[in-house]
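Student:
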Amino acid sequence: MDDDLAEKYDLIIQGTGLVECLIAGAAARVGKTVLHLDHNCSYGGQWASHNLSGLLEWVDQQHKNVTLTEPGDDVDFMCEEGQTVVLLNRPAAVYFNVRSQWHTRQESEPMDAVDNASPEDHLKDADIPQTTSTSKMSKSEMLRESRRYNIDLAPKILYSRGQMVELLISSNVARYLEFKSITRQLCWRED
């Protein structure tokens, strides 16, 4: 594979959101040369899904909001000999007032009062069925299990027989997608 980038492209696309990827794929499929750029360190743009660790990094990045948009910024250190930096305009911010808040048990807090009970206490409670059990995970436990689930920045649902799914199937883009039925949907509400 040639390490040199081409000097001319039919299409230059900034961002890796759904729309940008569909356009890039369609153009490449008909033989156009495409340069696909993204300033983020993850794919998906505003449609991205992150595991918990990735989401926390994304939140930190939103707070830092480090940009190189002014021509006077010192970016020469990024260039090799004969290269020039061309600064691209970033899209307007999509997310505002981003914050994170943990609703977990403390590390020292026991998971369940019954777990710390003596054997005699277990016998006393044996005939009383427990109907609800609310076990909270600690922050460190959640971070250890971070890769077991994903969190969407913009939750999206496509109807299985909807027009969008039909379009994705007919355009052969569906070969690169995984369709999955909803097992459950969780929303947080402040009570």
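Heads up: the sequence shown runs through residues 2 to 192, numbered per this note's numbering. Built from N, CA and C at the ideal position, the CB exists for glycine as well.
Using only the alpha-carbon positions, how far apart do lysine 65 and glutamate 142 sit?
Tutor: 27 angstroms
Student: Mind checking who valine 174 pairs with in its DSSP beta bridge?
Tutor: Answer by DSSP bridge pairing: none, since valine 174 is not bridged.
Student: With 16 as the cutoff for other CB atoms within 10 Å, does proline 72 come out buried or exposed?
Tutor: Any reading at proline 72 must be qualified, since the residue scores a pLDDT of 49, below 50, and its modelled position is unreliable; no value is offered.
Student: Quick check on this structure: which residue in Arg149, Ser172 and Gly46 has the alpha carbon closest to the alpha carbon of glutamate 21?
Tutor: Gly46
Student: In whole angstroms, what is the alpha-carbon distance linking leucine 187 and aspartate 153?
Tutor: 11 angstroms
Student: Is the CB-CB distance between alanine 25 and histidine 40 below 8 angstroms?
Tutor: no
Student: Using the Cα positions of threonine 184 and alanine 29, report the straight-line distance between them to the nearest angstrom.
Tutor: Between the alpha carbons of threonine 184 and alanine 29 lies a gap of roughly 35 angstroms.
Student: Report the rounded CA-to-CA distance for glutamine 84 versus glutamate 8, giving the unit in angstroms.
Tutor: Looking at the backbone, the Cα of glutamine 84 and that of glutamate 8 are separated by about 12 angstroms.
Student: Take the Cβ of threonine 17 as the centre, count every other Cβ of all protein chains shown within 10 Å, and call the residue buried at 16 or more, exposed below.
Tutor: buried
Student: Would you kindly work out how many angstroms separate the C-alpha atoms of isoleucine 158 and histidine 104, rounded to a whole number?
Tutor: 26 angstroms
Student: Classify tryptophan 59: buried if its beta carbon has 16 or more other beta carbons within 10 angstroms, exposed otherwise.
Tutor: buried
Student: I need the DSSP call for leucine 12, collapsed to helix, strand or coil.
Tutor: strand
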